[in-house]
Amino acid sequence: CYSIKPIDAETLRAAARETGGIITVEDHWPEGGLGEAVLSAIASDGGQPPFVKLAVSGMPTSGEQGELMHAAGIDSEAIVAAVRKLAGAGARA
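Residue 877 in the working numbering sits at position 8 of the sequence shown; the count goes up by one each step and never skips.
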C-alpha cells in the first residue's frame, strides 16, 4: 500500500495493545493491500494481536455503492460485526 509508507509499526502495535486488536477495511482485493501491509508491520516482532482484514473477496458486479459494499462484506454492518468479534475475543482472553 504505497500511500502510507513508511508504515509506523510501533504506533500500530501500541494501538493494538490499547484497543485489543486491529481491523482493516479495503474496497479491493486483499492481496497486496492495506491489511497485508499492516499485518506485516505488526507481525515483525514475533507477536500478533487479534487482527481482522475485511476486503473484497469475490468478483464485483454492477450496483449502487452501498449494495456493492454490503455484498463484499465491507459495509458498516460488517465493520460493526468485526469490532464485536474482536471485543468478544478480548473479553475471553
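For glycine and all other residues, C-beta sits at the position ideal for the given N, C-alpha and C.
Run through DSSP, which three-state label would Lys922 get?
-> Within the sequence shown, residue 922 is the residue found at index 53, counting from 1. Here Lys922 sits in strand by DSSP.
- Which one of Ala906, Ala950, Arg953 and Met938 has the shortest CA to CA distance from Gly927? Within the sequence shown, the letter at position 58 stands for residue 927. The residue with the shortest Cα to Cα distance from Gly927 is Met938.
Taking the alpha carbon of Ala947 as the point to measure from, which residue in Glu879, Ile873, Pro918 and Lys922 has its own alpha carbon closest?
-> Taking the first residue of the sequence shown as 1, we reach residue 947 at position 78. Of Glu879, Ile873, Pro918 and Lys922, the residue nearest in Cα terms is Lys922.
Report the rounded CA-to-CA distance for Gly942 versus Ala924, giving the unit in angstroms.
Translated into positions along the sequence shown, residue 942 becomes position 73. Translated into positions along the sequence shown, residue 924 becomes position 55. Computed Cα separation, rounded: 7 Å.
Close beta carbons around Ala910, own chain, < 7 Å, minus the five adjacent residues each side: Residue 910 sits at position 41 when you count from the first residue of the sequence shown. Ile876, Ala878 and Leu881.
Here's the rule I'm using: 16 or more other beta-carbon atoms within 10 Å means buried, otherwise exposed. How should Ile873 be labelled? Looking up residue 873 in the sequence shown gives position 4. So Ile873 counts as exposed.
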